[in-house]
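Comments concern the structure below.
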Amino acid sequence: MTDQLPTLDPEVTYLDASDAPAALYRVVVEHLADERGPACWVDARNRGAPAALYDHLGRRACRSLAVARAFTGYQHYELVRSLPGTLRATASLVVAPALAAPYADPDVPDHEADAMVAAVLELLDAVSTAVDVPVLVTADADPYAADVRRAADRVLDATATRMGLRVDGDGVRVDGYWDATGFQTTVPYWVDRCGAVGCRGVERPVAPAAVPGV
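Residues in the sequence shown are numbered from 411 upward in steps of one, following the working numbering.
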């Protein structure tokens, strides 16, 4: 079967994980499994707490991950501003979860928050281009979530289903769902294996011609 999680390209990818919070960690660990370069996690709202990272990513992935934590909008803004000067040329990933949440705090005036969010989005796009590195962002249900989604080059939507995690978006196809007891395949998987079911070679019933006076 093909991979169920998206590959991340050197662009800004927005992951809507509001219905499946674990999707963020799944996508990150899948990416780091295939990459050798270091990764940078610009944390907000404690998404990158040590326990959460080790539980979801595992020790191997965490070894290549540098976490910078922000507790206020101003701290987060400075961390993102520092990326161009601190990010290695060999970096394999930048992760910025709950990207705009710190700027929605009451201690950040609206006019400053608007400007900082716009600047952060521009900076992350510039970093992705300059370093040729994927940037993965998420956003909480805050006033700036729609801005973060619009600014992204690519949008992925994650959903927790009874059969497992589903991620929809450009370049992603779900062939099956896995859990501890087995797996469930999907229609696209069987279309790929066996071909689409069509009507070629199948005779269609022909309606009899109308008989005058009958």
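Glycine included, every Cβ here is placed at the ideal spot set by N, Cα and C.
Predicted model only: the values in this text are computed from it and were never measured.
- Assignment of beta-bridge partners to GLY579 by DSSP yields LEU566.
- Within the model, the alpha-carbon separation for LEU415 versus PRO516 is close to 36 Å.
- Annotation: PRO544 to SER538 spans about 6 Å, alpha carbon to alpha carbon.
- With a beta-carbon spacing of about 5 Å, ALA478 and LEU489 fall inside the 8 Å limit used to define contacts.
- DSSP links ASP429 through a beta bridge to THR569.
- Within the DSSP secondary-structure output, ARG479 pairs in a beta bridge with ASP453.
- HIS521 counts as exposed, since fewer than 16 other C-beta atoms from the protein chains shown sit within 10 angstroms of its C-beta.
- Residue state for TYR424 is assigned as strand, using DSSP reduced to three classes.
- The Cβ-Cβ distance between ARG455 and ASP524 does not fall below 8 Å.
- For ALA506 and TYR424, the gap between their C-alpha atoms comes out near 10 Å.
- The criterion of a C-beta distance shorter than 8 Å is satisfied by SER502 and LEU442.
- Annotated three-state conformation of GLY447 is coil, per DSSP.
- Closest in alpha carbon position to ASP426, among ALA555, ASP465, CYS450, is ALA555.
- Here VAL504 carries a strand assignment [DSSP, helix/strand/coil].
- Sequence-distant Cβ neighbours of ALA430 in its own chain, meaning closer than 7 Å and more than five residues away, are ALA568, THR569, ALA570, LEU575.
- Look at GLY468 here: in three-state DSSP terms it is helix.
- Taking a contact as a CB-CB distance under 8 Å, the pair VAL452 and ALA480 counts as one, their CB atoms being some 7 Å apart.
- Sequence-distant Cβ neighbours of PRO460 in its own chain, meaning closer than 7 Å and more than five residues away, do not exist here.
- With 16 or more other CB atoms across the displayed protein chains lying within 10 angstroms of its CB, GLY458 is buried.
- With a contact defined as Cβ atoms closer than 8 Å, THR482 and PRO519 miss out at about 13 Å.
- If you draw a straight line from the Cα of ASP542 to the Cα of ARG572, it is about 37 Å long.
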